[in-house]
Structures are given as structure tokens and as C-alpha cells.
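Engineer: Per numbering that gives the first Met the number 0, residue 0 is the first one in the sequence shown, and the count goes up by one each step. Structure incoming, see below.
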Amino acid sequence: MKYFIKTFGCQQNAADSERVEAALAARGMTKAKDYTDADYIVINTCMIRESAENRVYGLVNNLSKLKSAGRQRKPKIIVTGCMTGLAVRDKSGKFLRKIRKAMPVVDEFMPIEETGFDHQPLRQDKENAWIPISNGCNNFCTYCVVPFTRGREVSRPYEDIMTEAKELKAKGYKNITLLGQNVNSYGADLIQHANVILEGAQRPIGSKRCYRFAKSDLASLQHDNNRTMKQWNNVKPVFVKHLGRYRIPTLFPYLLEDVANLGFDKVDFISSNPWDFSDELINVIARNKNITRTIHLPVQSGDTNVLKRMNRWYTRDEYLKLVTNLKFKISNLKLTTDIIVGFCGETEEEFQHTVDLCKKVGFQVAYISQYSPRFGTAATKTMKDDVPHAVKEKRWRILENLVNKPHLKHK
Ligand code: SAH
Ligand code: SF4
Ligand code: F3S
0 MKYFIKTFGC QQNAADSERV EAALAARGMT KAKDYTDADY IVINTCMIRE
50 SAENRVYGLV NNLSKLKSAG RQRKPKIIVT GCMTGLAVRD KSGKFLRKIR
100 KAMPVVDEFM PIEETGFDHQ PLRQDKENAW IPISNGCNNF CTYCVVPFTR
150 GREVSRPYED IMTEAKELKA KGYKNITLLG QNVNSYGADL IQHANVILEG
200 AQRPIGSKRC YRFAKSDLAS LQHDNNRTMK QWNNVKPVFV KHLGRYRIPT
250 LFPYLLEDVA NLGFDKVDFI SSNPWDFSDE LINVIARNKN ITRTIHLPVQ
300 SGDTNVLKRM NRWYTRDEYL KLVTNLKFKI SNLKLTTDII VGFCGETEEE
350 FQHTVDLCKK VGFQVAYISQ YSPRFGTAAT KTMKDDVPHA VKEKRWRILE
400 NLVNKPHLKH K
């Protein structure tokens with residue numbers, strides 16, 4: 000039996016596919032050279048924008064010819080990844096009905112969680128490796144489908160990640176990328192599960208979706224953590240300070256430094272959210288020369304009101320302050336970013352604030368997207384996708400020329 004796997008979407012999907020391949024190999028399958036040579040075709044899907052979703056429908060329906068009556072060998076078609084993730088989480092069943100109808104040729108929708116971490120990922124590359132450190136997201140940016148496709152944030156145990164990193168080092172891997180939707184909140188859930196005392200002191204202020212701590216709670220929390228965090232090798236959580244309040248306890252600065260200390264040439268991490276980027280994390284990067292100097296720091300918009308509508312937890316000024324701090328403490332720093340143009344209600348003036356922010360920061364690269372309404376998100380439910388397509392296109396081009404093709408700036 001032979002398998003073929005096609006991966007759409009981000010690095011998290013690519014890393015998931017390596018684990019799917021390992022699970023298939025463990026069942027005695029070998030890799031097919033293309034779709035026509037396979038008995039088992041796995042499509043690992045993305046639906047971050049409508050165009051990504053449509054690419055999946057296009058490919059899968061194209062594969063239906065492999066099941067035509069005249070063909071002896073009819074492959075099984077399995078769809079996994081973010082589209083299946085949303086389908087199994089959508090209680091209304093609407094999304095599952097939609098994709099079943101759109102891709103009648105699919106034999107099975109397989110949630111990626113079924114793959115687990117039992118097998119060593121089947122890595123093609125012998126020098127560069129991804130290590131997933133968490134899955135899912137708790138942030139609920141209003142435009143984003145990821146919290147619905149991958150569910151709430153679940154961190155992998157600290158020791159499991161360290162074991163995998165040590166094995167990769169022993170095998171001669173040189174560059175490691177730690178992966179998560181929001182790497183710098185890594186460990187918040189581990190601490191919450193490990194430590195009942197935290198629950199008593201947890202004080203959700205204003206919003207149910209995140210944990211914030213009043214400053215007065217902090218001393219007692221840290222004291223208690225000293226006792227109960229032994230199982231994480233006495234790692235103490237870092238409380239990320241945001242808008243004057245302590246938000247979540249995170250273990251990411253420790254994890255990053257522990258992995259860097261294993262002696263890789265380079266340790267990278269994506270993605271990090273501006274509002275969870277603690278001073279401790281900046282210090283860890285600054286003092287470990289093998290941690291990347293190119294940091295991906297998605298801004299999405301340079302306008303505070305747009306950021307508010309997006310449910311991003313920082314203002315334009317806070318983002319710029321963080322950038323100044325990073326540049327001050329980390330020499331040779333380069334920044335890359337993600338930007339969405341044409342989000343609900345984005346005015347020309349608001350867009351100009353993004354243009355201005357790009358000029359101030361001087362990003363190396365920006366991944367610029369035109370806003371695309373997604374199934375189940377708050378923006379789809381409560382806001383209007385009212386920026387005309389032509390305007391989105393124009394704004395996309397302006398930023399593209401400004402940041403990614405500076406030589407075309409004046410054209
Ligand atoms: N967790 C990462 C982003 C993952 S999604 C982070 O927060 O940085 C990757 C990028 O896709 C986002 O940063 C955003 O710029 C873009 N994106 C997400 N949802 C989108 C949507 N509905 N329309 C257009 N772009 C979107
Ligand atoms: Fe999570 Fe927001 Fe990133 Fe989407 S864009 S994955 S909601 S942090
Ligand atoms: Fe796409 Fe899922 Fe990644 S929607 S961008 S593959 S997390």
C-alpha cells in the first residue's frame with residue numbers, strides 16, 4: 000500500500016503532516032511518487048481565507064477522476080487538517096454538511112488529533128526541524144477561524160518537547176523552529192492543570208477568555224508555584240504584563256532558553272503575539288546568540304480602533320513601544336509581520352495609520368492579506384465586510400510595494 004499526502008496552509012500543518020506520514024509508515028505503507036500512484040491520499044487542509052478553502056475543493060474534486068469506473072486502483076481519499084477540525088467542532092453540523100456536499104468524493108474526514116505524538120515525525124530535511132510546542136488558540140481575534148479549527152490552546156508537556164529537541168540534536172539537526180499559533184503563551188494551560196492553587200486566585204476581569212491577575216495576587220501565586228512547579232524542574236512561570244495587569248503565566252522564556260542551550264546553530268519560533276511578548280522573553284533572546292534575530296511579530300493593523308475591532312490586545316503605540324524595546328535590546332534585529340487590509344469598516348485614514356506604522360518599523364517582509372470573512376467568527380457574525388474588493392486590492396498593493404518591493408514604491 001502506498002500513500003500520498005498534500006499539505007496546504009501554515010508550518011503547523013506541515014509539521015502535522017510529518018506526524019501523519021509517520022503513522023502511515025508505521026502501518027507499513029510507503030510513499031507514492033504522486034496521486035496516481037497512491038492507494039491512500041491524505042489532504043491536510045487550510046481555510047484561513049476563502050481562497051485557501053477553494054483550493055482544497057478544487058484539488059479534491061479533481062482527484063475524483065482517480066475513482067472513475069475504468070480505473071482498477073481506486074484510492075481512498077482522506078481529508079484532515081483545519082477544515083475537518085472546524086467540521087468536528089461546529090455543533091450545528093452545518094460546516095460538515097457543507098464540505099460533504101462540496102467534496103462528495105471524500106471517503107473519510109479524519110481529525111488531526113487522531114494522529115497524536117506516538118510516532119517520531121517523518122522528516123525529509125536532515126538539518127532543519129519543526130517542533131510543535133502547542134496547538135490551538137485562545138485569542139479569538141474576530142476575523143480568525145483558527146480557534147474554531149484547532150480548538151483551545153493545548154501545550155505539549157515541557158519534558159516531551161525537551162526530549163524531542165535532545166534527540167534531534169543527537170541526530171545532527173542544526174536549526175530548530177518551535178511552532179504554535181501563539182508560542183509565547185506556551186504553558187499557561189499546563190500551569191493551570193498542574194496547580195489548583197492558581198484556580199482560586201484566578202480573576203477573570205472583563206473577559207472570560209483570558210486569565211488576568213491583580214498585582215496583589217502575584218506574590219502568593221509565585222510563592223505557591225515554587226512549591227508545586229517541581230515537576231517542571233522548578234521552572235517558574237513568567238507573568239506577562241499587559242496594560243498594567245498580569246495576564247497569563249507562561250513557560251515560553253524557559254523553554255526557549257533550554258532548547259537554545261542544547262547548542263543548535265539556530266533556534267527560531269513562530270508565531271508570537273505582541274501582547275504576550277514579555278521582557279523576560281526579550282532578555283532570553285538577547286543573551287542567547289543562537290536564537291533567531293528575525294522575529295515574526297504580526298501587527299495586523301497600525302490603527303488602534305481597527306485593532307480593537309479585531310480583538311487584538313494592544314494599541315498602535317504599545318506595538319511601537321515593543322518594537323523600540325526589541326530593537327534596543329537585540330542587536331541586528333529584523334522584524335517580519337502579518338497585515339490584514341480591508342477589515343470590516345477600515346477607513347482610508349485607518350489604513351494610512353498602517354502605512355505609517357510600516358514606515359516607522361521597517362519590516363523585512365510583510366505577509367499581507369485581504370480580509371476574507373470566515374465561518375463562525377465574530378466578525379462574520381457581527382460586522383459587515385464592507386470594504387469593496389477593489390479598495391482591498393489597492394491597499395494590498397500599496398503595502399506590498401512599500402514593504403516587500405521597495406524598489407517599486409513610486410510606481
Ligand atoms: N497565530 C498567528 C496567525 C495565524 S493565521 C498570529 O496571531 O500571528 C496567519 C495570518 O493569516 C494572520 O496573521 C492574518 O494576518 C491572516 N488571516 C487570518 N484570518 C484572516 C482572514 N479572515 N482574512 C484575511 N487574513 C486572515
Ligand atoms: Fe489566534 Fe488571533 Fe493568531 Fe488567529 S490570528 S491564530 S485568533 S492569535
Ligand atoms: Fe490554515 Fe489552519 Fe494554519 S487554517 S493557516 S492551516 S492553523
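In this text, a Cβ means the ideal position worked out from N, Cα and C, and glycines have one as well.
Is the beta carbon of TRP129 sitting closer than 7 angstroms to the one on ALA22?
Structural biologist: Stepping through the sequence shown from its first residue, residue 129 is reached at position 130. Stepping through the sequence shown from its first residue, residue 22 is reached at position 23. Going by C-beta atoms, TRP129 is not nearer than 7 angstroms to ALA22.
Engineer: Flag this pair as yes or no: are the beta carbons of VAL59 and MET102 separated by less than 7 angstroms?
Structural biologist: Position 60 of the sequence shown, counted from the first residue, corresponds to residue 59. Position 103 of the sequence shown, counted from the first residue, corresponds to residue 102. It is a contact, given that the beta carbons lie within the stated cut-off.
Engineer: What are the partner residues of HIS295, as DSSP defines its beta bridges?
Structural biologist: Looking up residue 295 in the sequence shown gives position 296. Partner(s): THR335.
Engineer: Out of curiosity, what's the CA-to-CA distance linking LEU439 and GLN119?
Structural biologist: Since the first residue of the chain shown is 0 and the last is 410, residue 439 is not available in this structure.
Engineer: Assuming GLN437 is part of the beta strand (DSSP E), what are its boundary residues?
Structural biologist: Residue 437 lies beyond the residue range present for the chain, which begins at 0 and ends at 410; the question has no answer from this structure.
Engineer: Taking 6 angstroms as the cut-off, is the C-beta of VAL153 nearer than that to any heavy atom in the ligand SF4?
Structural biologist: In the sequence shown, the residue the question calls residue 153 occupies position 154. Answer for VAL153: no, Cβ out of range of the ligand SF4.
Engineer: Are ASN43 and THR79 close, meaning C-beta to C-beta below 7 angstroms?
Structural biologist: The sequence position of residue 43 within the sequence shown is 44, counting from 1. The sequence position of residue 79 within the sequence shown is 80, counting from 1. Taking 7 angstroms as the Cβ cut-off, ASN43 and THR79 qualify as a contacting pair.
Engineer: State the DSSP-derived secondary structure class of ALA13, mapped to helix, strand or coil.
Structural biologist: Sequence index remark: in the sequence shown, residue 13 carries index 14 (1-based). Looking at ALA13 - three-state DSSP - the assignment turns out to be helix.
Engineer: According to the neighbour-count rule (16 or more other Cβ atoms, all chains shown, within 10 Å of its Cβ), is GLN11 buried or exposed?
Structural biologist: Residue mapping note: residue 11 aligns to position 12 of the sequence shown, counting from 1. Burial call: buried.
Engineer: Tell me, which residues are paired with ILE77 by DSSP?
Structural biologist: By one-based count along the sequence shown, residue 77 stands at place 78. Looking at the DSSP assignment, ILE77 forms a beta bridge with VAL41 and GLU107.
Engineer: Suppose you measure from the CA of LYS307 to the CA of PRO74; what does that come to, to the nearest Å?
Structural biologist: What you label residue 307 is simply residue 308 of the sequence shown in a count that begins at 1. What you label residue 74 is simply residue 75 of the sequence shown in a count that begins at 1. Rounded to the nearest angstrom, the two C-alpha atoms are 47 angstroms apart.
Engineer: Can you tell me where the beta strand (DSSP E) holding PRO131 begins and where it ends?
Structural biologist: To locate residue 131, count along the sequence shown from 1; it is residue 132. Element bounds for PRO131: 127-131.
Engineer: Is it buried or exposed for GLY8, if we count other Cβ within 10 angstroms and need 16 for buried?
Structural biologist: Numbered from its first residue, the sequence shown carries residue 8 at position 9. GLY8 should be labelled buried.
Engineer: According to the neighbour-count rule (16 or more other Cβ atoms, all chains shown, within 10 Å of its Cβ), is ASN331 buried or exposed?
Structural biologist: Looking up residue 331 in the sequence shown gives position 332. Exposed, by the Cβ-count rule.
Engineer: When the Cα atoms are used, what is the spatial distance from ASP386 to LYS93?
Structural biologist: Sequence index remark: in the sequence shown, residue 386 carries index 387 (1-based). Sequence index remark: in the sequence shown, residue 93 carries index 94 (1-based). The question names Asp, yet the displayed sequence has Val at residue 386. About 27 angstroms.
Engineer: To the nearest angstrom, how far is the alpha carbon of THR6 from that of ASN127?
Structural biologist: If you number the sequence shown from 1, residue 6 lands on position 7. If you number the sequence shown from 1, residue 127 lands on position 128. Distance between the alpha carbons of THR6 and ASN127 is about 18 angstroms.
Engineer: Starting from the Cα of VAL309, find the closest Cα among LYS66, ASP38 and TYR142 and give me that residue.
Structural biologist: Taking the sequence shown and counting its residues from 1, the one referred to as residue 309 is at position 310. Note on identity: in this sequence residue 309 is Met, with Val being the wrong assignment. Nearest of LYS66, ASP38 and TYR142 to MET309, Cα basis: TYR142.
Engineer: Does the beta-carbon distance from LEU401 to CYS357 come in below 7 angstroms?
Structural biologist: Residue mapping note: residue 401 aligns to position 402 of the sequence shown, counting from 1. Residue mapping note: residue 357 aligns to position 358 of the sequence shown, counting from 1. Yes.
Engineer: If you drop the 5 nearest sequence neighbours on each side, which residues of the same chain put their C-beta closer than 7 angstroms to that of MET161?
Structural biologist: Reading the sequence shown from its first residue, position 162 is the one you call residue 161. Excluding residues within five positions, the ones whose Cβ falls inside 7 angstroms are ASP257.
Engineer: Enumerate, from N- to C-terminal direction, the unbroken alpha helix (DSSP H) stretches of 4 or more residues contained entirely within the stretch 117-177.
Structural biologist: You should have 145-148 and 157-169.
Engineer: Can we count CYS143 as close to the ligand SAH, meaning its CB is less than 6 angstroms from some heavy atom?
Structural biologist: To locate residue 143, count along the sequence shown from 1; it is residue 144. Under cutoff, so the answer is yes.
Engineer: Can you check which of these residues, LYS383, HIS388 and GLY375, is closest to LYS90 by C-alpha distance?
Structural biologist: As a first step, residue 90 is located in the sequence shown; it is residue number 91 there, counting from the start. Cα-wise, what sits closest to LYS90 is GLY375.
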